[in-house]
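Under this note's numbering, think of the first position of the sequence shown as -11, with each following residue one higher. Just so it is clear, CB atoms sit at the ideal spot from N, CA and C, and this is done for glycine as well. So the structure is just underneath, and the comments pick up after that.
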Amino acid sequence: MIRTYFNVTILVYILLFSFSSCVTNKNLEYINTDNLQLNSTSFNYIVQKEDLLSVQISSTTKSDYDFFNLQETSNPQLMNQNPYLYGYLVKPDGFVNLPMIGNIKVEDFTISEVENVIKQIASSYFKDPIVKVNVLNFKVSILGEVNSPGEYNIVRSNQNVLHLIGKANDLTEFANRKKVKIIRNDSDNFSKIIYLDLTDPKILNDKNFFLNPQDIVYIEPLRKKFYSVNSLYNAVSVSISAITLYFLLTNN
């Protein structure tokens, strides 16, 4: 009887492990490579229609530019909650209207190019102006197999998908790192779907690797849903308890 019980228990272990799988370290790695050297692509965000720009001008004399920065606030949290009260919207024609500066073309320019254009015009009004431009409504969402899905505000315009994953407290062990989906709107407001392989080193040279405002990043699950170790132990415990109870009842 004991021998039969032992054989059945071993059989349960074998069956449970055969129907379960473990996530290997290779499944959890990003950019799988050993000694490959790559020149990563430098990314410069291109300003688009409906971008909300924060424009700050400073000069050697603070009173010279105080009036320009009246819309700025010292409370970043308040600005984050109500960005349209503190920024300048890029209109459908690609222009933005700034106090004293007037209407300037910013669409299809990089942030640094916009800063240079504003600086040239501002030089007529201020002494040695310093211009800083940021995108206020640079928000992206990440969903799927991540530990903290949600919408995140991106402060710097050269952030990539890995930066976003870091904000979301990394991917789960069930995430498919070879097939990350990005839903992105182009300048004409048409949506397109982009797939990225986070294990491929060449991704560092892919411009789609870098985030755009309103991106939706979806992390797909692995095709085969793996069992966690805890789930496996629970299943084994329940099975052994059931077998034990069966033999106790049949033995009596």
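Burial check for N200: the Cβ neighbour count within 10 Å reaches 16 or more, so the residue is buried. Under DSSP, the beta-bridge partners assigned to N122 are S42. For L150, the uninterrupted alpha helix (DSSP H) segment begins and ends at 149 to 155. Straight-line measurement puts the Cα of I207 at about 22 Å from the Cα of V143. For N157, the closest alpha carbon among the candidates T187, V43, Y140, D81 is that of Y140. Judged by DSSP in its simplified three-state form, L192 adopts helix.
Following the DSSP letters along the chain, one finds N146 in no alpha helix (DSSP H), marked with neither H nor E.
DSSP places V205 within a strand segment (E or B) once states are collapsed to three. Rounded to the nearest whole angstrom, the CA to CA distance from V123 to Y76 is 9 Å. Boundaries of the beta strand (DSSP E) harbouring K180: 179 to 184, taken from the DSSP string.
Out of L192, K190, L131, the CA that lies nearest to the CA of N164 is found in L131.
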